[in-house]
Amino acid sequence: MPLDDMPLGPLERALVDSLRRLDPAAEPLVLASAALLCSALEQGDVCLPLVRLAGQRPWPEHELRLPSLADWRSRLQASALVGAPGDFAPLILVGERLYLARYEAYERQLAAQLLARAGDRPEVDEARLGESLARLFAFNASSQAGQQPDWQRLAAAQAVRRRLAVISGGPGTGKTTTVVRLLAALLEQGAGLAIGLAAPTGKAAARMAEAIRGAKAALPVEEAVKAALPEEARTLHRLLGSRGDSPAVRHHAGNPLALDVLVVDEASMVDLALMAKLVDALPPGARLILLGDKDQLAAVEAGAVFAELCEGRGFDAAAAAELQRITGQQVAVEQPTSALGDAVVLLTHSHRFAGDSGIGELARRINGGDVAGTLRLLQEDRADLAWNAEPTPQALLERLEQGYAPFLAAAQGGDPAAAFAAFNAFRALCAQREGAWGVSGINEALEARIKRRGQVASRERWYVGRPVMVRQNDYALGLFNGDIGICLHGEHGLRVFFEGEDGFRPFAPARLPSHDSAFAMTVHKSQGSEFAEVLLALPEQPSPLLTRSLFYTGITRAKQRVEIWGLAARLGEAVATRAERAAGLAERLAQRPVASVEELKVAATGQLGLFD
Numbered sequence: 001m002p003l004d005d006m007p008l009g010p011l012e013r014a015l016v017d018s019l020r021r022l023d024p025a026a027e028p029l030v031l032a033s034a035a036l037l038c039s040a041l042e043q044g045d046v047c048l049p050l051v052r053l054a055g056q057r058p059w060p061e062h063e064l065r066l067p068s069l070a071d072w073r074s075r076l077q078a079s080a081l082v083g084a085p086g087d088f089a090p091l092i093l094v095g096e097r098l099y100l101a102r103y104e105a106y107e108r109q110l111a112a113q114l115l116a117r118a119g120d121r122p123e124v125d126e127a128r129l130g131e132s133l134a135r136l137f138a139f140n141a142s143s144q145a146g147q148q149p150d151w152q153r154l155a156a157a158q159a160v161r162r163r164l165a166v167i168s169g170g171p172g173t174g175k176t177t178t179v180v181r182l183l184a185a186l187l188e189q190g191a192g193l194a195i196g197l198a199a200p201t202g203k204a205a206a207r208m209a210e211a212i213r214g215a216k217a218a219l220p221v222e223e224a225v226k227a228a229l230p231e232e233a234r235t236l237h238r239l240l241g242s243r244g245d246s247p248a249v250r251h252h253a254g255n256p257l258a259l260d261v262l263v264v265d266e267a268s269m270v271d272l273a274l275m276a277k278l279v280d281a282l283p284p285g286a287r288l289i290l291l292g293d294k295d296q297l298a299a300v301e302a303g304a305v306f307a308e309l310c311e312g313r314g315f316d317a318a319a320a321a322e323l324q325r326i327t328g329q330q331v332a333v334e335q336p337t338s339a340l341g342d343a344v345v346l347l348t349h350s351h352r353f354a355g356d357s358g359i360g361e362l363a364r365r366i367n368g369g370d371v372a373g374t375l376r377l378l379q380e381d382r383a384d385l386a387w388n389a390e391p392t393p394q395a396l397l398e399r400l401e402q403g404y405a406p407f408l409a410a411a412q413g414g415d416p417a418a419a420f421a422a423f424n425a426f427r428a429l430c431a432q433r434e435g436a437w438g439v440s441g442i443n444e445a446l447e448a449r450i451k452r453r454g455q456v457a458s459r460e461r462w463y464v465g466r467p468v469m470v471r472q473n474d475y476a477l478g479l480f481n482g483d484i485g486i487c488l489h490g491e492h493g494l495r496v497f498f499e500g501e502d503g504f505r506p507f508a509p510a511r512l513p514s515h516d517s518a519f520a521m522t523v524h525k526s527q528g529s530e531f532a533e534v535l536l537a538l539p540e541q542p543s544p545l546l547t548r549s550l551f552y553t554g555i556t557r558a559k560q561r562v563e564i565w566g567l568a569a570r571l572g573e574a575v576a577t578r579a580e581r582a583a584g585l586a587e588r589l590a591q592r593p594v595a596s597v598e599e600l601k602v603a604a605t606g607q608l609g610l611f612d
């Protein structure tokens, strides 16, 4: 089984070469398995599931055929390069899953620490909690007649009564509102608490802080409680103290964060490695509250941690009885299959999409995998839905030029507030970066049209109305990956304005970190954002990027109207394709909870080197 003529990428070949140096006699099958594992990690999988590839040809252009599952496992186990969990080996085999040692350790440690938190209950004054929840969520009772139970109130109750809470909900289900109220209820328990707010990106952290500052003003609580609620949020990397390109972080089990409560927004965007480091850095007695949408796109890096945490959820009879006693809310009894089961609450009532909303119904059909129902709905005459089933690049450009016309007109006025309001009224989203239907192709073609109309020289990079997206964090400037800026006339010539906490901040174009034009953006980059209208452009050819979660995430960025440009075949493929990342976290969480929080410390012992 010669390896040299296999179609390996640079990263796969580098891994194979390093393993050869460790074991010059390594069997080619083991090295090929490592190369396949490396490729799987690049695709977002945490491990290589042997059962998925056993007996197949992984590279159609190469003659290699993998052995049967049993033979493959036995030959891997016989290799000096492959060990069991806890062994000092570069590759780890767990059942039918092959891991790089670092990722197996991340997953094993994360599961152990989450199980420990799930098994630990802090002391809570339940009578006071019940009174707090009744007052803080009284508006829900009056505004959601017939909407029983009140999942926001139940989520708050579980978050106060547990070291770990996972709250999932789609757009408009009130995740931020819920967390502000539950933090107020937690503070009303009487103890002073150090509360931290964090998110995966600078943009998400800024939005979270802004939403909490706005929501806490209307809380029916004492001023001291309002004052104790945090108003600033940090990125997870800043919170942990990341060290440049090194995987090491300043905070870990040996140097934990000085927090009693940590709230993480947009948790579906957090990959396995980052989540493992985050949980490792929390003191055992701290509460962790994760907010996200289990149906959204997973992290760009390996793992779909948030979705795995939501698997196996449910309330057993004892948990349901406790919740009814404290909140007065009845919940259906469903035996959880995960040890985190009753720590997970799904918010189901959307305040953004009314019962007759086409976008809301489309989201439900997409998540249900209903291809025929999705296509039928798009053919109905819904005010908030439109579908161009026979798109052409030329027609798309004309439509985008029309859609952005109000924004370009507003940009000429030079008022940043007006320009940003107009820009957020319409946005083009794409499934991929390259091609005529991708971000690069659309931005390039649309910019050329706009420059011709505005009589801007084609070689000029900067012009009034050019939107840009920052691609890398610049902490000195306070600009972060994903931040949007708009080029406008300023007092000293062309300046790029960014939204800030205290108004709009202008920067000379030459000062900006790496950036791209941003008339069109990928669905991945749009996560957490909201626009009045969205145009979602899908590629003409089949693509592995077209999945149910991408389609759902794209259409739910729209608050008022969504317009889909794509062939029926591509829409059908997207709805039918459920993106599943190979991992073992959910299986590990189905195991017995660690008996006490003290065992959490033991579980972390000896693992700190993984994060150095």
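For the sequence shown, UniProt numbering assigns the number 612 to the last residue and increments by one with no breaks. Positions of the beta carbon are idealized from the N, C-alpha and C atoms, including for glycine. Just so it is clear, the structure is predicted and the values come from calculations on it, not from any experiment.
Apply the 10 Å Cβ neighbour rule to residue i and answer buried if 16 or more other Cβ atoms are within range, or exposed otherwise.
| i | result |
| --- | --- |
| D71 | exposed |
| Q527 | buried |
| R121 | exposed |
| L183 | buried |
| L22 | exposed |
| D45 | buried |
| residue 652 | The structure shown has nothing for residue 652, since the chain only spans 1 to 612. |
| Q472 | exposed |
| A127 | exposed |
| S514 | exposed |
Please report the residue range of the alpha helix (DSSP H) in which residue i lies.
| i | result |
| --- | --- |
| H515 | It is not in any alpha helix (DSSP H) - H515 instead sits in the beta strand (DSSP E) that spans H515 to S517. |
| W72 | L69 to Q77 |
| P406 | P393 to Q412 |
| L589 | L585 to L589 |
| V439 | V439 to R453 |
| F480 | Looking at the DSSP string, F480 is not in any alpha helix (DSSP H), and its letter there is neither H nor E. |
| S132 | E126 to L136 |
| E42 | P28 to E42 |
| A307 | V305 to L309 |
| L22 | P10 to L22 |
Report the rounded CA-to-CA distance for residue i versus residue j, giving the unit in angstroms.
| i | j | result |
| --- | --- | --- |
| R162 | L76 | 41 Å |
| G146 | H349 | Low local confidence applies: a pLDDT of 48 at G146 is under 50, so the model's placement there is unreliable, with the coordinate-based value given in what follows. Approximately 11 Å between the Cα atoms of the pair. |
| G482 | G202 | 8 Å |
| A520 | R207 | 21 Å |
| S543 | G83 | 36 Å |
| V333 | L346 | 15 Å |
| R20 | P90 | 12 Å |
| E123 | D260 | 14 Å |
| S440 | Q394 | 15 Å |
| L15 | G170 | 40 Å |
Could you say which of the options lies nearest to residue i if we only look at CA atoms?
| i | options | result |
| --- | --- | --- |
| R466 | F420, G584, G285 and A319 | F420 |
| V523 | Y552, A508 and G500 | Y552 |
| A54 | L64, D45 and G490 | L64 |
| Q329 | P336, Q335 and F315 | F315 |
| A476 | I555, F507 and I212 | F507 |
| L98 | E126, L110 and R52 | R52 |
| G493 | G500, L479, V464 and V221 | V464 |
| P256 | T327, A281 and G241 | A281 |
| A32 | P49, R13, P24 and L41 | R13 |
| G435 | V221, E107 and E540 | E540 |
| C38 | A248, A302 and I486 | A302 |
| D384 | L115, K559 and L11 | K559 |
| H489 | A410, G478 and L479 | A410 |
Leaving aside the five residues before and after residue i along the sequence, list all residues of the same chain whose C-beta is less than 8 Å from its C-beta, in chain order.
| i | result |
| --- | --- |
| F137 | D150, Q152, R153, A156 and R181 |
| R73 | L50, L93 and E96 |
Using a Cβ-Cβ cutoff of less than 7 Å, which residues in the same chain neighbour residue i once the five nearest sequence positions on both sides are dropped?
| i | result |
| --- | --- |
| E27 | R75 and S79 |
| A258 | A194 |
| A215 | T176, T177 and V180 |
| G413 | none |
Over what stretch of residues does the beta strand (DSSP E) that includes residue i continue unbroken?
| i | result |
| --- | --- |
| M469 | P467 to V470 |
| P506 | G503 to F507 |
| K559 | A558 to W565 |
| V496 | G493 to G500 |
Between residue i and the rest of its own chain, which residues show a CB-CB distance below 6 Å, the 5 nearest in sequence each way excluded?
| i | result |
| --- | --- |
| H62 | M6 |
| residue 619 | Nothing in the structure corresponds to residue 619, since the chain is present only between 1 and 612. |
| T235 | G202 and A205 |
| A389 | A568 |
| R578 | R548 |
| P58 | L36 |
Should residue i be counted as a contact of the ligand ZN given a C-beta to heavy atom distance under 7 Å?
| i | result |
| --- | --- |
| Q189 | With respect to the ligand ZN, the structure offers nothing, as it holds no ligand at all. |
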